[in-house]
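Asks: Chain order of the listed sequences is A and B.
Per our numbering, the first sequence starts with residue 13, numbered consecutively.
Per our numbering, the second sequence starts with residue 51, numbered consecutively.
Note that beta-carbon positions come from the ideal geometry of N, C-alpha and C, so glycine has one too.
Dropping a structure here in structure tokens format, bear with me for questions.
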Amino acid sequence: MDAERSTIAGVGIVILLTAVAFGPLVAGISLSEPPTSQVGDEQGDVQIESVTFPAEATIESASYGAANYHVIVPAASVRIQSLSGSPILAYELTIASLGVQLSTLHFLDDGTSSPYELTMEPATLDRESLDEEYTGEAAVVAIDSSGRRTVANQTVTVRWAQ
Amino acid sequence: MTQLRIFTRSQEQDDSEGWITATRWLFGDQIGLLVFLASICAFGLIWRTDIFITDTYALANALYNFSNGQLFLVDAAYGPQVETIGVRQAPGGHIARNYGAIILSLPIWVLLEGLILVTDLRITLIGGYSLALLAFGVQLGRLRASDRIVFAACLGTLLFFIVNVGLATPLDATQTHLYALQLLHICVAAFAPVMLYRLLTRLGSPPEAIAGAGLLVFGTPLAIWAAVPKRHVLIGTAVLVIAYTLYRSRADHQGTPGGVTNSEVSPVGFRALAYATVGLYAWINAPEALVLLVIVLFVDVPTASNNHPRALAFIGSVFVLSLLPFFITNHVLVGSPMTPPQLPSGGGGTAADTAGGSTGQQLVQVVPPLVWRVVRPFRILVHELIAGGSVLLRDPEGMYAVLIRSGDTTAALGILGLESTNLSVLESAPPLAGLVGWIGIIWRQRDALSLPERPVSGGTLVSLFAVSAIVVFTLFYANRLQGHAQLTVRYLFVIYPLGTYLLCRLPVVQRTLAEHWRVLAWSAAVTVLIGGQVLAVGIFWTTDSLGEAIQLHGVLSVGTAVPLALWALIGRSDGWFGRLGGILLGSTTALAWLFGLFVAIEYYPRGNSQLLPIVRVVADVLTLV
């Protein structure tokens, strides 16, 4: 019984002392902040040789009875001419008549190979009714030390797959 | 075989007398304390130290302004501005709601502020969680008289603590108001399973009662809402306290099946406690407290064996006394003791307006003002119930979406109308499908049905209360259920604890819990550990959005709820039927718990704000939608 009690008390004391050790009274020990992804002050440069956009995107009904649709955009293929540092590529699709804009950011680095598959996260759409076909504007935007610029864009047909 | 002893009580009683008394009053017995600790550990696992729903801004800002010595909402430390959902303009300034919860959180805030003078906040909260885990292990070891469990608990806790400290990141120490509110709600929520355990252990065997408490913690959305500073878990605990006190007010003078008697509080005293719970709940949410009051009056007064004027006067004065915090808060903030900070939203607003309008003006001249003031809330209530009843008749499809299956309907609007992220009651708590078994029982006894004989037994009275509360709250909220961000039909939260009670009272479930609780526990564990991984893969491969992923949970819940309902309808618990029942109850419970885990880890991680670093790391690794 005594051994049991002192073990329990021991665990309690370890916890208490640890909490105090990391506290403001003890200098030198503190929790470190997690590494934050530094969106916004990206360094580096990217030059794009060419972009191949998909011919069309689709709108599909959600499964399992979810009351909405998904816009599925196939990946664009990007040929990179030169790459240094950690620039960003944004893949965007605007469907003006539906009032939606999809965008997915890709963080490039030394390991990025060319041609690069620029994927798009599926987006959710909640509409009572849809047309057969829409016209979308796909674009690839580069964000690097020389700022933000559209490197390629193309009109894409968005078809409702009923 | 029905009276399985799962715990051998340790003979050593070296604890102090005061501790034993406190345990008995709060938790009933040592197992009740174990249930409490287990609940705290379960809720802490999915606690996210962030604002889950925008309604919380009002409460956190109110506590922040209190801590600055401000009565009204002057500065907004949380959210975009002072005027957020739930904030109202009173003559003296902006006020929030749920003042009972805000004021009761003040001592916890003081404690947290005191602690961070000497300790690190994250390590303190991890430490607190570890101590709860340790207490659970030690309590379990002592109840089973096993030194090995106690030592294993010590070692396990130490490892758990060290791993979490190793992975810990700092916690924003300026948000202690939010954490204080969350801690209060977690503690109150943990009393819901304790009260259910106490009630069921008096109506049956300990295994039944423990399994019933487990069904409530893991088989309903209780855990999802435990750390969310809203009224839902508070009313969940309140209705179970009322159920327990009502039971005790009848059981003691009829001899309890459990054989435990506690003569310190008289039957009338327990009745008074039930009303006092309603009175205290008015401090949180007055309209719901009014609904509760009507239900308690309706089931208690006609069935009581002692309605002597002296008894009624005693109960009445205790009730008025319990309303004092509510009156004082209203008087200070609104300037009128009878005007609560929050009136029913939606339809209730219009009802309140008409009540104060021209008809109201005329009536005020006839009826003395005080009587009018007492009658007015009841008028609003009747208006709400009639409106709810008409919705049930007008839109049965909508109610089907709310109660049974949410998907496959365009009416399943979600948060901000973007995703269908609302599950139905059955999808949120699939074990409740077993309630269908009651239909079978009533059908089989249709010729022998009669009004219960007086004096009504405690068990019958509680069942009467549970059924009335479920029906009346459904009517009360019927016209507000579809437009709001609910996730798990949180407006009808009373269904989860009271439904679990009614489920555990179903004879076939009672027998299954008593005889096959091991099967239930194993089936739940296997479903969580293996089924959870399969589910994660399924979500990753087959869903593209949050709405779809949540609906997959809905489909699975309904899919397992249907066989459970059929099993309950057949009503057999012998041989393989009993084991099948245990498996079905276990797997449905596990599905509800998995949804809670996925909400905390995947669907609404709130910027990876999980309290426990180990949970945060799992959430980081796992990206499904």
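(1) So is B/E434 buried or exposed if we call it buried at 16+ other beta carbons inside 10 Å?
(2) Along the stretch 200-230 of chain B, what residues have a CB closer than 9 Å to any CB found in chain A?
(3) Does chain A have any CB closer than 8 Å to the CB of B/L413?
(4) Starting from the C-beta of A/A39, find all residues in its chain whose C-beta is less than 8 Å away, skip the five residues before and the five after it, and write them out in chain order.
(5) Quick one: is B/T327 buried, meaning 16 or more other Cβ sit within 10 Å of its Cβ, or exposed?
(6) Name the residue from A/D156, A/A151, A/S158, A/G159 whose alpha carbon lies nearest to the alpha carbon of A/N165.
(7) Taking 7 Å as the limit between beta carbons, can you name the residues of its chain near A/N80, skipping five residues before and five after?
(8) Does the beta-carbon of B/V486, which I'm using as the reference point, lie nearer than 7 Å to any heavy atom of the ligand GDP?
(9) Quick one: what does DSSP say B/R198 is sitting in, helix, strand or coil?
(10) What number of angstroms, rounded off, separates the C-alpha of A/I71 from the C-alpha of B/E598?
(11) Who pairs with A/A154 in a beta bridge, going by DSSP?
(12) From the beta carbon of A/A87, is the nearest beta carbon of chain B less than 8 Å away?
(13) Can you list, in chain order, the residues of its chain whose CB lies under 6 Å from that of B/G142, leaving out five sequence neighbours each side?
(14) Taking B/V544 as the reference, which of B/V370, B/L233, B/L253, B/V475 has the closest Cα?
(15) Going by the beta-carbon positions, is the gap between A/V63 and A/A88 smaller than 8 Å?
(16) Could you name the residues of chain B that A/G24 contacts, counting a contact when the two beta carbons are closer than 8 Å?
(17) Nearest by alpha-carbon distance to B/I285: which of B/W643, B/L205, B/A339, B/W75 is it?
(18) Residues of the stretch 78-103 of chain A with a CB closer than 7 Å to any CB of chain B: list them in chain order, please.
(19) To the nearest angstrom, how far is the alpha carbon of B/L672 from that of B/Y654?
(20) Rounded to whole angstroms, how far is the Cβ of B/G82 from the Cβ of B/V267, which I believe are closer than 8 Å?
(21) B/Q189 by DSSP, collapsed to three states: which one?
(22) Indicate the three-state DSSP secondary structure (helix, strand or coil) for A/A135 in the structure shown.
(23) Chain A beta carbons: is any one of them nearer than 8 Å to that of B/I454?
(24) Buried or exposed for B/G464, going by 16 or more other Cβ atoms inside 10 Å?
(25) Is B/G581 close to chain A, meaning its C-beta is less than 8 Å from at least one C-beta of that chain?
(26) Taking 8 Å as the threshold (beta carbon to beta carbon), is B/D445 in contact with chain A?
(27) In whole angstroms, what separates the C-alpha of B/A575 from that of B/L371?
(28) Going along chain A, which residues have a C-beta under 8 Å from B/Q188?
(29) Mind pulling the chain A residues with CB within less than 9 Å of B/R601?
(30) Taking 8 Å as the threshold (C-beta atoms), are B/S623 and B/V569 in contact?
(31) Return the chain-ordered list of same chain residues with a C-beta closer than 6 Å to the C-beta of B/A336, the five sequence neighbours on each side being excluded.
(32) Decide if B/R300 is buried, meaning its Cβ has at least 16 other Cβ atoms within 10 Å, or exposed.
(33) Does any residue of chain A bring its CB to less than 8 Å from the CB of B/E25?
(34) Can you name the residues of chain A whose CB is closer than 7 Å to the CB of B/I173?
(35) Under 8 Å Cβ-Cβ, which residues of chain A neighbour B/V605?
(36) Could you check whether the Cβ of B/T460 sits closer than 8 Å to any Cβ belonging to chain A?
Replies: Let me lay it out:
(1) Buried: at least 16 other Cβ atoms inside 10 Å.
(2) Per Cβ criterion, the list reads V200, F201, A203, C204, L205, T207, L208, F211, I212, V215, A218, T219, P220, L221.
(3) Confidence in B/L413 is poor, its pLDDT being 42 and thus under 50, which makes the residue's placement unreliable; the coordinate value appears in the next sentence. At a cut-off of 8 Å, the C-beta of B/L413 has no neighbouring C-beta in chain A.
(4) If we look at A/A39 and ignore the five residues flanking it on each side, it has no Cβ neighbours.
(5) Counting Cβ neighbours within 10 Å, B/T327 comes out buried, since at least 16 surround it.
(6) Residue A/A151 holds the alpha-carbon nearest to the alpha-carbon of A/N165 among A/D156, A/A151, A/S158, A/G159.
(7) So the qualifying residues of the chain are A74, T136, L137, D138.
(8) Absent from the structure shown: the ligand GDP. Ligands present: none.
(9) Helix at B/R198.
(10) Each residue's alpha carbon lies about 15 Å from the other.
(11) A/L101, A/R161.
(12) No, because no Cβ of chain B sits closer than 8 Å to the Cβ of A/A87.
(13) Contacts found: F122.
(14) Of the candidates B/V370, B/L233, B/L253, B/V475, the one whose C-alpha sits nearest the C-alpha of B/V544 is B/V475.
(15) Judged by their CB atoms, A/V63 and A/A88 are nearer to each other than the 8 Å cut-off.
(16) What A/G24 touches in chain B: L181, L184.
(17) Selected option, being the one with the closest Cα: B/A339.
(18) Of all residues in the stretch 78-103 of chain A, the ones placed with a Cβ closer than 7 Å to any Cβ belonging to chain B are A78, A79, N80, H82, in chain order.
(19) Straight across, the Cα-Cα distance linking B/L672 with B/Y654 is about 13 Å.
(20) For B/G82 against B/V267, the beta-carbon gap comes to about 13 Å, at or over 8 Å, which does not count as contact.
(21) Correct three-state label for B/Q189: helix.
(22) In the structure shown, A/A135 sits in a strand (DSSP, three-state: E or B).
(23) Judged by the 8 Å Cβ criterion, B/I454 is not in contact with chain A.
(24) For B/G464, the predicted structure reports a pLDDT of 43, less than 50, and the residue's modelled location is therefore unreliable. A value from the coordinates is still provided. The residue is buried, with at least 16 neighbouring Cβ atoms inside 10 Å.
(25) With 8 Å as the cut-off, B/G581 does not count as an interface residue toward chain A.
(26) Under the Cβ distance rule, B/D445 does not count among the residues neighbouring chain A, no pair being separated by less than 8 Å.
(27) The alpha-carbon atoms of B/A575 and B/L371 are separated by roughly 46 Å.
(28) Just to set this straight, residue 188 of chain B is Val in the shown sequence, not Gln. Near B/V188 (Cβ distances below 8 Å), the residues of chain A are I20.
(29) Note on residue identity: the sequence assigns Gln, not Arg, to residue 601 of chain B. Counting only Cβ-Cβ distances below 9 Å, B/Q601 has contacts in chain A at A74, S75, Y76, G77, A78, A79, in chain order.
(30) Going by C-beta atoms, B/V569 is not nearer than 8 Å to B/S623.
(31) Contacts found: P390.
(32) Flag for B/R300 reads buried.
(33) Lying outside 51 to 675, the shown extent of chain B, residue 25 of chain B is not represented and no answer is given.
(34) Under the 7 Å cutoff, chain A gives T30, A31, F34.
(35) Correct list: Y76, G77.
(36) Any answer about B/T460 is weak, because its pLDDT of 48 lies below 50 and its placement is not dependable; what the coordinates show is given next. Yes, contact with chain A.
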